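Inspection log for the structure reproduced underneath, given as structure tokens.
Residue numbers (our numbering), protein chains in the order written: chain A, 20 to 249; chain B, 5 to 71.
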């Protein structure tokens with residue numbers, strides 16, 4: 020008894036089309052490269068990954084806080100510890116993200132067809148701000164009471180207060196531990212995949228700099244002065 | 005045990021950083037900002053400048069061609 024070979028996959032299948040488009044956009048050697056251009060060997064390039072490292076600690080400590088609840092994080096020593104880890108990871112997240120933003124702004128990181136890389140990063144920063152705000156008003160203490168009563172006037176002035184009530188703990192907690200984190204993590208994932216697709220933006224080439232010093236690469240291919248791959 | 009350790013730790017930190025008072029604020033004409041926020045912004049500027057100025061370990065070797 021012989022088994023007939025299976026026919027080639029039909030082009031009409033959406034899974035085949037999706038797979039082919041994904042591999043075309045991000046072939047494995049581009050998705051997980053084994054080298055980066057030499058210009059990446061600079062401290063200014065470490066703040067993006069430092070931001071992601073902070074986000075991992077934020078999510079991990081946040082999961083622990085969410086499983087235990089407000090009484091635990093207010094009245095037990097270990098609860099205080101994880102509450103503090105969560106808060107300081109957020110401080111570090113914004114600290115490193117702002118330096119990453121400054122570095123990318125001054126090297127015009129939208130060059131060479133990288134507009135979507137820049138936009139996903141900028142939107143992540145904008146979404147991270149209300150993510151932090153909803154965390155501050157979800158603490159269940161006098162600090163959250165003070166912040167929410169101050170913030171409600173700003174929300175009401177914009178009209179957002181009709182559906183975004185900062186004095187409603189249940190609503191703010193849902194935004195903080197579900198909706199905003201999903202948006203931030205999805206945007207960060209898209210941002211990283213776009214960086215993989217377009218490559219890390221190179222620094223500006225100085226007109227009077229020696230060509231070997233300004234344009235040397237060990238991997239990642241050559242680029243024009245606007246950062247577009249040659 | 006954890007509470008004892010954390011209690012001692014917070015007591016030591018509390019002796020160095022007394023937070024039992026309203027925030028200190030810098031107020032000059034229209035400008036008003038808490039000292040803690042100003043310190044964080046100055047720290048970010050300092051780290052940004054250092055990240056540009058300080059050499060990255062192994063950068064010179066990589067640019068020299070040996071990777």
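No residue lacks a Cβ here, since even glycine has one placed at the ideal position from N, Cα and C. In this text, all values refer to a predicted model and were calculated from it rather than measured experimentally.
_Enclosing beta strand (DSSP E) for residue 28 of chain B [first to last residue]_ = Counting along the chain, residue 28 of chain B falls outside any beta strand (DSSP E), and DSSP gives it neither H nor E.
*Could you say which of A/87, A/157, A/134 and A/207 lies nearest to residue 116 of chain A if we only look at CA atoms?*
Residue A/207 is the option with its Cα nearest to residue 116 of chain A.
*Start and end of the alpha helix (DSSP H) containing residue 167 of chain A?*
Annotation: the continuous alpha helix (DSSP H) that includes residue 167 of chain A extends over 161 to 177.
_At least 3 beta-carbon pairs within less than 8 Å: the segment 35 to 48 of chain A vs the segment 23 to 37 of chain B_ = As far as the Cβ criterion goes, the segment 35 to 48 of chain A does not touch the segment 23 to 37 of chain B, which means the pair count is below three.
*In terms of DSSP beta bridges, what is residue 48 of chain B paired with?*
When DSSP reads this structure, residue 48 of chain B sits in no beta bridge, so it has no partner.
*How is the alpha helix (DSSP H) around residue 199 of chain A delimited, first residue to last?*
From DSSP, the alpha helix (DSSP H) with residue 199 of chain A extends over 199 to 217.
*asked:* Less than 8 Å between the beta carbons of residue 136 of chain A and residue 108 of chain A, yes or no?
replied: Remark: C-beta atoms of residue 136 of chain A and residue 108 of chain A do not approach each other more closely than 8 Å.
*Alpha-carbon to alpha-carbon, residue 53 of chain A and residue 43 of chain B*: Taking C-alpha positions only, residue 43 of chain B is separated from residue 53 of chain A by approximately 39 Å.
*asked:* Does any residue of chain A have a CB that is nearer than 8 Å to the CB of residue 35 of chain B?
replied: So, not an interface residue.
*Would you check if the segment 148 to 155 of chain A and the segment 192 to 206 of chain A touch, i.e. whether three or more CB-CB distances between them fall below 8 Å?*
A contact is defined here as three or more CB-CB pairs under 8 Å, and the segment 192 to 206 of chain A meets this definition with respect to the segment 148 to 155 of chain A.
*How long is the line joining the alpha carbons of residue 71 of chain B and residue 200 of chain A, rounded to whole angstroms?*
Residue placement at residue 71 of chain B is flagged as unreliable, the pLDDT there being 45, under the threshold of 50; a coordinate-derived value is accordingly withheld.
*Closest to residue 188 of chain A by CA distance: which of A/214, A/69 and A/166 is it?*
Measuring from the Cα of residue 188 of chain A, the nearest candidate turns out to be A/166.
*Using a Cβ-Cβ distance under 8 Å, would residue 104 of chain A count as near chain B?*
No, no contact with chain B.
*Hey, how far is the Cα of residue 172 of chain A from the Cα of residue 138 of chain A?*
If I take the Cα positions, the gap works out to 29 Å.
*Is it the case that the Cβ atoms of residue 51 of chain B and residue 39 of chain B are separated by a distance below 8 Å?*
Cβ atoms of residue 51 of chain B and residue 39 of chain B: not closer than 8 Å.
*Using 8 Å as the limit for Cβ to Cβ distance, is residue 62 of chain A near chain B?*
It does; some Cβ of chain B falls within 8 Å.
*8 Å Cβ cutoff, residue 117 of chain A in contact with chain B*: Yes, because at least one Cβ of chain B sits closer than 8 Å to the Cβ of residue 117 of chain A.
_Please list, in chain order, the chain E residues whose beta carbon lies closer than 7 Å to that of residue 56 of chain B._
Absent here is chain E; the protein component of the structure consists of chains A and B.
*Of all the CB atoms in chain A, is at least one closer than 8 Å to the CB of residue 52 of chain B?*
Yes, because at least one Cβ of chain A sits closer than 8 Å to the Cβ of residue 52 of chain B.
_Backbone CA spacing between residue 161 of chain A and residue 141 of chain A [nearest angstrom]_ = Rounded to the nearest whole angstrom, the CA to CA distance from residue 161 of chain A to residue 141 of chain A is 32 Å.
*When burial is assigned at 16 or more other CB atoms within 10 Å of the CB, is residue 112 of chain A buried or exposed?*
So residue 112 of chain A counts as buried.
*asked:* Between A/58, A/78, A/217 and A/95, which has its C-alpha nearest residue 204 of chain A's C-alpha?
replied: Residue 204 of chain A has its Cα closest to that of A/78, out of A/58, A/78, A/217 and A/95.
*For chain B, is any of its Cβ atoms less than 8 Å away from the one on residue 114 of chain A?*
Taking Cβ atoms only, chain B reaches closer than 8 Å to residue 114 of chain A, which makes this a yes.
*From A/175, A/147 and A/191, pick the residue whose C-alpha is nearest to that of residue 71 of chain A; which is it?*
The shortest Cα separation from residue 71 of chain A among A/175, A/147 and A/191 belongs to A/147.
*Go through its chain and collect everything with a Cβ distance to residue 191 of chain A's Cβ below 7 Å, but skip five positions before and after it.*
Answer for residue 191 of chain A: 153, 156, 157 and 185, listed in chain order.
_Buried or exposed, going by whether 16 or more other CB atoms sit within 10 Å of the CB of residue 14 of chain A?_
The question about residue 14 of chain A has no answer here: the residues shown for chain A are numbered 20 through 249.
*In angstroms, rounded to a whole number, what distance separates the CA positions of residue 202 of chain A and residue 133 of chain A?*
Rounded to whole angstroms, residue 202 of chain A and residue 133 of chain A show a C-alpha spacing of 21 Å.
*Is the shortest distance between the beta-carbon of residue 57 of chain A and the beta-carbons of chain B less than 8 Å?*
At least one chain B Cβ lies under 8 Å of residue 57 of chain A.
*Is residue 64 of chain A near residue 214 of chain A, with beta carbons less than 8 Å apart?*
The Cβ atoms of residue 64 of chain A and residue 214 of chain A lie no closer than 8 Å to each other.
_Span of the alpha helix (DSSP H) around residue 126 of chain A_ = If you look at residue 126 of chain A, you'll find it isn't in any alpha helix (DSSP H); DSSP assigns it neither H nor E.
*Determine the chain A residues that contact residue 63 of chain B at a beta-carbon separation under 7 Å, and present them in chain order.*
Going along chain A in sequence order, the residues near residue 63 of chain B (Cβ under 7 Å) are 60 and 61.
*asked:* Once the 5 residues before and after residue 73 of chain A are set aside, which same chain residues still bring their CB inside 7 Å of it?
replied: Hits under 7 Å: 108, 111, 112 and 115.
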